[in-house]
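**Student:** Top to bottom, those sequences are chains S and D.
FYI, this note's numbering numbers position 267 of the first sequence as 263, with every residue one higher than the one before it.
FYI, this note's numbering numbers position 85 of the second sequence as 127, with every residue one higher than the one before it.
I'd like to ask you about the structure that follows.
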Amino acid sequence: MYTRAYKATVAIPPLLWVTIFLLIPYAILFCYSFWQVSPLQVIVHAWSFDNYRELVRNPVYLEVLFRSMRIAGAVTILALLLGYPLAYFLSFCATRRKDLFYQLVIIPLWVSYLVRGYAWKTILGSDGVLNGFLQYLHITSHPVEFFLYSPFAVILTLTHIYTPFTFLPIYASLEHVPRNLVEASQDLGASPFRTFWHVVFPLSLPGVLAGATFAFVLTLGDFLAPLLVGGPSGIMISNIVVSLFGAAYNWPLGAAISFGMLVLVVALLFLVERVEKKLSFS
Amino acid sequence: MNSLLSIRDVAKKFQNREVLRGISLDVASGEFLTILGESGSGKTTLLRLIAGFEQPDSGEIWMADERLDTLPPHRRHVNTVFQSYALFPHLSVFENIAYGLRVQHVAKAEIPSRVERALAMVKMAEFEHSPPSRLSGGQQQRVALVRALVNRPQVLLLDEPLSALDANLRRQMQIELKLLQREVGITFIFVTHDQEEAMALSDRIALLRAGVLEQVASPREIYVRPATAYTAKFIGQTNLLRAQVSGGVATASGISWRIAGTSSESGVATFSLRPECIRLLGQFAPGVRMADGGPVRFRARIKTQTFGGATDLLEVALSDESSLRVRIPSHGSLQGEAEFEFAPADAVSVRESEPN
């Protein structure tokens, strides 16, 4: 088919790209995670596991990590609960306006993340749209403070941002469910509800899994939403990494946390891939 | 006729295209009925109307004393074998077949034995635990068939189930299907575009042309006594003779013959004469009794001879250069002029109808 030379020519550019911009920086970061910051605020190349030990020993890091995972879990579930019905509606019910609806879901992805983050800030703030509305209706007499600068605000914002990421793979997998299987199920006497649970849903699971992975991994590593709307109680693990590399000037510890996260995410992806293999039936 | 399924004046439009018009058809219990037609004739739509995947614009469909066309598909006691099998890819062969039984809440203890009996019926017992993707086309076909049959439907609908199989397997499955239908005694409604398949399998053929039923009859009758020129051409090969009729005698291309019956109408009529009803004189064994009125003889020039195994197909030119196809038992090379004959009763008067 293809000659070796051809294969090599095609493979080399992406390999170079990955090596220069991913593998080498990761390797450098990996080295950093074993180094130390001296009392004089200089990074010294003294190899040890101290940073990793600190990671496990200091409750702050683990607590924030678990909070990040809880937030990521909540966002994943909410994004699936919003994305799945939407995808189902578009794939099975919308006939003529399908393209229009699809574009409506996609368009928010073209808007800058920052703009969407700030939009939520405007909505949830103490003199924001939501509080103004509630006070106008006399449901509340004072601005409700916990809307903004809380894990709730982070979950809300990230759900809004990542729902299209769950929608897309679910929609793709639903579009791939052969319609004659739905007919076959009804033909064999199954009600529409039973047909959904026993035929459509199992066949869309690979899409659900892919969407959940997107939402979970992207949320876990997010630092902008907590920065914009999270406040002190909504801080996530990436914010800590950012501050360690910035203000705190502790690159080695930041590198160690980054690596811990990387291992976590890679393990997760590995697991997902194994489950996905079990779920695909072609 | 004691009819099980009754289609009454059914019509169906898609957008502005009339797919079916004024379809009325009764299907007897235990019958093997084939809906035959070209692609686009509406045969699959008719089947989908019976299954409930489409709703008729007008008309009614009844099964025994129950009106069918107002019920959703899952409430109808019909099952379908789909053209592309539509086996559930995430379920094993066993679970595919058990699907309908579980849905209908058949007692749990009864399910394995019914599934196994069904699989044994098509000699597929060993594949019980395989996923459908592991099966060949013919095997998937058999699973699809018993998945529908295991529910003991009153009517089984088959939508060109053999069209995806290669020729040999197809012939074998035709025989199996016919045997199976006799064995289970369920009414089969079979859709195909293949007239040979229709002839081989059916008790009756309903020939559909552009959304209208052209003729409904047994394969033999539809072949020997086609009602229309379209039927005669669609089922088997034929010669269509446009003849001038007067005084009970038809004349076409210099050949004249007496028409059966006492009609004394005059004018133009079309006759269908099958190629195998024409004999080459001299080849014909003596002692065979001719139809009443004696054979009609004519001379013709042999244009081409096509070898077809047991038979040869000749194309011959008549005096006015119009050509006629003649099927004769295989013969050595033929050339020049020859004498032919046919029995007048074999020239069947057919209606010449445009698709309306």
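Glycine residues also receive a C-beta, built at the ideal position from the N, C-alpha and C atoms.
Computed from a predicted structure; not experimentally measured.
Helix, strand or coil: which one does DSSP assign to Lys165/D?
**Tutor:** As a working note, residue 165/D is residue 123 in the second sequence. Of the three classes helix, strand and coil, the one that applies to Lys165/D here is coil, per DSSP.
**Student:** Just to confirm, is the Cβ distance from Ser122/S to Gly230/S under 8 angstroms?
**Tutor:** By one-based count along the first sequence, residue 122/S stands at place 126. By one-based count along the first sequence, residue 230/S stands at place 234. Not a contact, by the Cβ cut-off of 8 angstroms.
**Student:** Taking Cβ-Cβ distances shorter than 8 angstroms, what residues in chain S pair up with Ala122/D?
**Tutor:** Start at 1 with the first residue of the second sequence, and residue 122/D comes out as number 80. The question names Ala, yet the displayed sequence has Thr at residue 122/D. By Cβ distance, chain S contributes Glu179, Ala180, Asp183.
**Student:** Is it buried or exposed for Ala4/S, if we count other Cβ within 10 angstroms and need 16 for buried?
**Tutor:** Mapped onto the first sequence, residue 4/S falls at position 8. Exposed, because fewer than 16 other Cβ atoms sit within 10 Å of the Cβ of Ala4/S.
**Student:** Could you check whether the Cβ of Phe400/D sits closer than 8 angstroms to any Cβ belonging to chain S?
**Tutor:** Residue 400/D lies beyond the stretch modelled for chain D, which goes from 43 to 398, so this question has no answer here.
**Student:** Could you check if Gln131/S belongs to the surroundings of the ligand ZN, using beta carbon to heavy atom distance under 7 angstroms?
**Tutor:** No copy of the ligand ZN occurs in the structure displayed, which carries no ligand at all.
**Student:** Between the C-alpha atoms of Arg117/D and Leu200/D, what's the straight-line distance to the nearest angstrom?
**Tutor:** Counting from 1 along the second sequence, the entry for residue 117/D is found at position 75. Counting from 1 along the second sequence, the entry for residue 200/D is found at position 158. So the two alpha carbons sit approximately 18 angstroms from each other.
**Student:** Across which residues does DSSP place Arg393/D in a beta bridge pair?
**Tutor:** Within the second sequence, numbered from 1, the residue matching residue 393/D stands at position 351. Answer is Thr270/D.
**Student:** Return the residues of the region 193 to 210 of chain S that lie within a Cβ-Cβ distance of less than 7 angstroms from chain D, sorted by chain order.
**Tutor:** The residues in question are Val195, Pro198, Leu199.
**Student:** Quick check on this structure: which residue in Leu161/D, Met105/D, Val310/D has the alpha carbon closest to the alpha carbon of Ser45/D?
**Tutor:** Working through the second sequence from its first residue, we reach residue 45/D at position 3. Nearest C-alpha to Ser45/D: Met105/D.
**Student:** So, helix, strand or coil for Asp354/D, using DSSP?
**Tutor:** Residue numbering aside, residue 354/D sits at position 312 when the second sequence is read from its first letter. Looking at Asp354/D - three-state DSSP - the assignment turns out to be strand.
**Student:** First and last residue of the beta strand (DSSP E) that includes Trp299/D?
**Tutor:** By one-based count along the second sequence, residue 299/D stands at place 257. Segment 297 to 300, the beta strand (DSSP E) holding Trp299/D.
**Student:** Write down the C-beta distance between Met166/D and Arg184/D rounded to the nearest angstrom, noting that I regard them as a contact closer than 8 angstroms.
**Tutor:** Position 124 of the second sequence, counted from the first residue, corresponds to residue 166/D. Position 142 of the second sequence, counted from the first residue, corresponds to residue 184/D. With a Cβ gap of about 5 angstroms, Met166/D and Arg184/D count as contacting.
**Student:** Determine, for Arg194/D, whether the minimum Cβ-Cβ distance to residues of chain S falls below 8 angstroms.
**Tutor:** For this step, residue 194/D is matched to residue 152 along the second sequence. No, no contact with chain S.
**Student:** Look at the alpha carbon of Arg331/D and the alpha carbon of Ser288/D, and state the distance between them as a whole number of angstroms.
**Tutor:** In the second sequence, residue 331/D corresponds to position 289, counting from 1. In the second sequence, residue 288/D corresponds to position 246, counting from 1. In this prediction, Arg331/D scores a pLDDT of 44, lower than 50, which makes its location untrustworthy; the coordinate-derived value is nonetheless stated afterwards. Near 28 angstroms, if we compare the C-alpha coordinates of Ser288/D and Arg331/D.
**Student:** Going straight from the alpha carbon of Gly217/S to that of Arg0/S, what length do you get?
**Tutor:** If you number the first sequence from 1, residue 217/S lands on position 221. If you number the first sequence from 1, residue 0/S lands on position 4. About 39 angstroms.
**Student:** Looking at the C-beta of Phe56/D, does it have a partner C-beta in chain S at a distance below 8 angstroms?
**Tutor:** In the second sequence, residue 56/D corresponds to position 14, counting from 1. With 8 angstroms as the cut-off, Phe56/D does not count as an interface residue toward chain S.
**Student:** Exposed or buried, Asn138/D, counting other C-beta atoms within 10 Å across all chains shown (16 or more means buried)?
**Tutor:** Locating residue 138/D in the second sequence gives position 96, where the first residue counts as 1. Buried, by the Cβ-count rule.
**Student:** Taking all protein chains shown into account, decide if Cys319/D is buried (16 or more other Cβ within 10 angstroms of its Cβ) or exposed.
**Tutor:** The count along the second sequence starts at 1 and reaches residue 319/D at position 277. Buried is the call here.
**Student:** Less than 8 angstroms between the C-beta atoms of His235/D and Gly79/D, yes or no?
**Tutor:** Start at 1 with the first residue of the second sequence, and residue 235/D comes out as number 193. Start at 1 with the first residue of the second sequence, and residue 79/D comes out as number 37. Yes, they are a contact pair.
**Student:** In the DSSP assignment, the alpha helix (DSSP H) including Asp201/D goes from what residue to what residue?
**Tutor:** As a position in the second sequence, residue 201/D is number 159, starting the count at 1. Run containing Asp201/D: none in the alpha helix (DSSP H); it sits in the beta strand (DSSP E), 197 to 201.
**Student:** Let's test the definition: count the other Cβ atoms within 10 Å of the Cβ of Ser87/S and tell me whether it reaches 16, buried, or not, exposed.
**Tutor:** Working through the first sequence from its first residue, we reach residue 87/S at position 91. With 16 or more Cβ atoms within 10 Å of its Cβ, Ser87/S is classed as buried.
**Student:** Leu265/S: buried (16+ other C-beta within 10 angstroms of its C-beta) or exposed?
**Tutor:** In the first sequence, counting from the first residue as 1, residue 265/S sits at position 269. By the neighbour-count rule (16 or more Cβ atoms within 10 Å), Leu265/S is not buried but exposed.
**Student:** What are the uninterrupted segments assigned as alpha helix (DSSP H) that are 4 or more residues long and contained completely in the region 234 to 275 of chain S, given in chain order?
**Tutor:** Listed in chain order, they are 247 to 275.
**Student:** When the Cα of His171/D is compared with those of Leu75/D, Phe124/D, Leu133/D, which residue comes out closest?
**Tutor:** Translated into the one-based positions of the second sequence, residue 171/D becomes position 129. The candidate whose alpha carbon is nearest that of His171/D is Leu133/D.
**Student:** Residues in the same chain with beta-carbon distance under 6 angstroms from Gln325/D, minus the five sequence neighbours each way, listed in chain order, please.
**Tutor:** In the second sequence, counting from the first residue as 1, residue 325/D sits at position 283. With a pLDDT of only 48 at Gln325/D, under 50, the local geometry of the prediction cannot be trusted, and no value is derived from it.
**Student:** Suppose contacts are defined by Cβ-Cβ distances below 8 angstroms. Is Val188/D in contact with Leu161/D by that definition?
**Tutor:** The sequence position of residue 188/D within the second sequence is 146, counting from 1. The sequence position of residue 161/D within the second sequence is 119, counting from 1. Cβ distance < 8 angstroms, so Val188/D and Leu161/D count as in contact.
**Student:** I believe Gln347/D touches Val310/D by the beta-carbon criterion, under 8 angstroms. Please report the beta-carbon distance rounded to the nearest angstrom.
**Tutor:** Counted from its first residue, the second sequence places residue 347/D at position 305. Counted from its first residue, the second sequence places residue 310/D at position 268. Contact flag wrong, Cβ pair sits at about 32 angstroms.
**Student:** Please decide whether Val330/D counts as near chain S, where near means a Cβ-Cβ distance under 8 angstroms.
**Tutor:** Here residue 330/D refers to the residue found at position 288 when the second sequence is read from its first residue. Low confidence applies here, because Val330/D scores a pLDDT of 44, under 50, leaving its location unreliable; read the following figure in that light. False, the Cβ-Cβ gap to chain S never drops below 8 angstroms.
**Student:** With respect to the beta strand (DSSP E) encompassing Ile320/D, which residues constitute its N-terminal and C-terminal limits?
**Tutor:** By one-based count along the second sequence, residue 320/D stands at place 278. Ile320/D -> beta strand (DSSP E) spans 320 to 322.
**Student:** Would you call Ile77/D buried or exposed, if buried means 16 or more other Cβ atoms sit within 10 Å of its Cβ?
**Tutor:** Counting from one through the second sequence, the residue named residue 77/D turns up at place 35. So Ile77/D ends up on the buried side.
**Student:** Between the C-alpha atoms of Trp31/S and Ser44/S, what's the straight-line distance to the nearest angstrom?
**Tutor:** Taking the first sequence and counting its residues from 1, one reaches residue 31/S at position 35. Taking the first sequence and counting its residues from 1, one reaches residue 44/S at position 48. In a straight line, the C-alpha of Trp31/S is about 7 angstroms away from that of Ser44/S.
**Student:** In chain order, what residues of the same chain have a beta carbon less than 6 angstroms from the beta carbon of Ile301/D, not counting five sequence neighbours either side?
**Tutor:** Within the second sequence, the letter at position 259 stands for residue 301/D. The answer, listed in chain order, is Gly290, Ala292.
**Student:** Are there 16 or more other CB atoms within 10 angstroms of the CB of Gly351/D, so buried, or fewer, so exposed?
**Tutor:** Mapped onto the second sequence, residue 351/D falls at position 309. By the 10 Å Cβ count, Gly351/D comes out exposed.
**Student:** Please state whether the Cβ-Cβ distance between Gly296/D and Ser391/D is less than 8 angstroms.
**Tutor:** Translated into the one-based positions of the second sequence, residue 296/D becomes position 254. Translated into the one-based positions of the second sequence, residue 391/D becomes position 349. Against a cut-off of 8 angstroms, the Cβ pair of Ser391/D and Gly296/D comes out as no contact.
**Student:** So, at 7 angstroms on beta carbons, what are the nonlocal neighbours of Val271/S in its own chain, with the 5 sequence-adjacent residues on each side left out?
**Tutor:** The residue you call residue 271/S lines up with position 275 of the first sequence. So the qualifying residues of the chain are Leu205.
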